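Top to bottom, those sequences are chains W and H. Just so you know, we're using the working numbering here: the first sequence kicks off at 92 and counts up by one. Just so you know, we're using the working numbering here: the second sequence kicks off at 1069 and counts up by one. Don't be surprised by glycine CBs; every beta carbon is placed ideally from N, CA and C. Computed from a predicted structure; not experimentally measured.
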Amino acid sequence: MDFMNTILPFGSSLVSFGFAVLILRRYLERKGLHLLLWGIGMIFYGIGGFCEGYYGAIGWNPFVFRIWYLFGAILVAAWLGQGTVYLLAKKSWAHGLMVLLVLGSIYGAVRVFGAELDPSLMTSSLHTGSEMSGHAIVTTGVRSLTPFFNLYGTIALVGGAVYSAWIFWRKRVLLHRSIGNILIAVGAILPAFGGTFSRMGFSGALYITEFLGAILIFLGFMRATTPIEESKE
Amino acid sequence: MSKSIESKANKRRYPPFWEKFIPAAVVILTLIIAVLIFITIRIAMGLAVLPF
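If you want it as structure tokens, here you go:
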């Protein structure tokens, strides 16, 4: 079993599912749609990692590939970002964007599951050949959906975390939330770099950054929700 | 006995390291987001290759 292409993505999946359980338990205790959406987003993150690990361990499977592309490449960032939108934006705006996201996700699912696949293109792509790649989708107009979802997700999740950190810093309050938001932003942005480095030929870059990203988002969430205790001098 | 840092908000200062680190991180991350948005828009317009 290869560490880089199997154990690492399974590790990301495990961290993500564990984190999702923690967030969803918190949602059941305290409510708040942002928690529900972050929980769903981390389940998507976990599904993506699991599919990558499956591909590394067992190999090509069209159903697993479609699941990976839908949840791991298209939806994960957008659904995590939607959680942040519920936390920071007006309810009416958040609800409106949620409707668009659900409709877009259904459209994405229909397109991904209806797309024609060519598994031979996964290994002859610009990637290193060892990682999963959307190049196997040969139907036009499917892969072009990805940047729209990821743009929304990045602006909402990373932008929202950076904005929150900045606001807390300006007011010099809630240091733990400032630090936590920076960790979340870095964790969320890492897989984007991984994708770029993977394209440049760095084997395993995507899986490494996905693993580190899941851990940083988890640590960021824990830091943001745990006030810093200071000893009295 | 310990005290939460929130209750010291009236001091209006973070510890020295975080006082400098947070704004530096915010600026760097904002620049990275801007670059990512630029790249994504280029991909969406068909001017660059999709990474996935």
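Note on the stretch 124-195 of chain W: whole alpha helix (DSSP H) runs with a minimum of 4 residues are 124-148, 153-158 and 167-179, in chain order.
According to the DSSP secondary-structure assignment, I228 of chain W is paired through a beta bridge with W:L208. By the criterion of a C-beta distance shorter than 8 angstroms, I158 of chain W is surrounded in its chain by I138 and C142, once the five residues flanking it on both sides are discounted. Close to chain W, meaning a Cβ-Cβ distance shorter than 9 angstroms, are the following residues of the stretch 1087-1103 of chain H: E1087, F1089, I1090, P1091, A1093, V1094, L1097, T1098, I1100 and I1101. In the DSSP assignment, Y254 of chain W falls within the unbroken alpha helix (DSSP H) covering G251 to K262.
Counting along the chain, no alpha helix (DSSP H) covers Y1082 of chain H, and no H or E run does either. Under a criterion of Cβ atoms nearer than 9 angstroms, no residue of chain H is adjacent to I308 of chain W; the nearest Cβ is some 14 angstroms distant. The three-state secondary structure of E320 of chain W, taken from DSSP, is strand. Per DSSP, the unbroken alpha helix (DSSP H) holding G102 of chain W starts and ends at L99 to R121. Contact between A247 of chain W and N272 of chain W fails: their C-beta atoms lie close to 13 angstroms from each other, not under 8 angstroms. Residues of the stretch 264-295 of chain W with a C-beta atom less than 8 angstroms from some C-beta of chain H are V264, L265, L266, H267, S269, I270, I273, A276, V277, I280, A283, G286, T287, S289 and R290, listed in chain order. When the beta-carbon positions are compared, M223 of chain W and Y146 of chain W come within less than 8 angstroms of each other. In the assembly as shown, R263 of chain W is a buried residue. Its beta-carbon has 16 or more other beta-carbons within 10 Å. Against chain H, the CB of N241 of chain W has a partner CB under 8 angstroms away; the residue lies at that interface.
Residue environment for V203 of chain W: buried (at least 16 other C-beta atoms within 10 angstroms of its C-beta). Bounds of any alpha helix (DSSP H) do not take in E222 of chain W, whose DSSP letter is neither H nor E. Within the same chain, L126, W129 and G130 come within 6 angstroms of I114 of chain W by CB-CB distance, once the 5 residues on both sides are set aside. Against chain H, the beta carbon of S235 of chain W has neighbours under 9 angstroms at I1111, A1112, G1114 and L1118, listed in chain order.
Here DSSP, grouped into helix, strand and coil, assigns M95 of chain W to helix.
Rounded to whole angstroms, P282 of chain W and R1081 of chain H show a C-alpha spacing of 33 angstroms.
Annotated three-state conformation of F1106 of chain H is helix, per DSSP.
According to the DSSP assignment, M313 of chain W belongs to the alpha helix (DSSP H) that extends over A296 to A315. Selection W:I280, W:V176, W:L236 and W:G285 evaluated against L124 of chain W yields W:V176 as nearest (Cα-Cα).
About 7 angstroms separates the CB atoms of L166 of chain W and G199 of chain W; that is less than 8 angstroms, so the two are in contact. Judged by DSSP secondary structure, F239 of chain W falls within the alpha helix (DSSP H) whose first and last residues are T237 to T245.
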